[in-house]
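Numbering (mature numbering (1 follows the signal peptide of the UniProt record, and there is no 0)), first residue to last: -16 to -1, 1 to 150. First the structure, in the form of structure tokens, and then the observations on it.
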């Protein structure tokens, strides 16, 4: 009985550490981008076309981690996935979900995180992050996010990071 209890406690601890996948109920686009209350994946083409915009949102989400932990030294490497969820009317704003990779940053000053001051030092991926933001016009709010360090730090990606996926 004691072994069973210990096993259940360990399993509970392992499952509670698991991070949430913000893309769990998202679906691929069927041509019409505006489908109320449905999470629609952004196409790879749109991800490449609006690369700078999605990167800006990823930087905003990552800035939160720098504020919480001053030792956090990663920077945005590449946005790999994005999805949009609109409420009943598109003019009410929308929810943006992002997934992005991080790499060691070559930062001059970690007190203030800005992407132009912290470019990736190399192509070694050190983490994966997901974030959920609320967008309304030009204003955005990071609702929730998480970052997890990649277990195998030897993972490298091609130096061409223009594609939507590594």
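Note that the Cβ used here is the ideal one computed from N, Cα and C, for glycine as well. None of the values given here were measured: they were computed from a predicted structure.
- request: Drop a sphere of 10 angstroms on the beta-carbon of residue 4, count the other beta-carbons inside from all chains shown, and report buried for 16 or more, exposed for fewer.
  value: exposed
query: Can you tell me whether DSSP reads residue 4 as helix, strand or coil?
result: coil
- prompt: Secondary structure at residue -14, three-state DSSP: helix, strand or coil?
  reply: With a pLDDT of 43 at residue -14, under the threshold of 50, the modelled position of this residue cannot be trusted; read the value that follows with caution. Three-state DSSP puts residue -14 in a helix.
query: Can you tell me whether DSSP reads residue 44 as helix, strand or coil?
result: helix
message: Relative to the C-alpha of residue 118, which candidate in 63, 135 and 77 has its C-alpha closest?
response: 77
task: Kindly indicate the opening and closing residues of the beta strand (DSSP E) around residue 58.
output: 58 to 69
- prompt: Which partner residues does residue 15 have in the DSSP bridge list?
  reply: BP columns for residue 15 are empty, so no partner.
query: Taking the DSSP output, what are the residues bridged to residue 88?
result: 58
task: Hey, could you find the ends of the beta strand (DSSP E) residue 72 is sitting in?
output: Note, residue 72: premise wrong, no beta strand (DSSP E); not H, not E.
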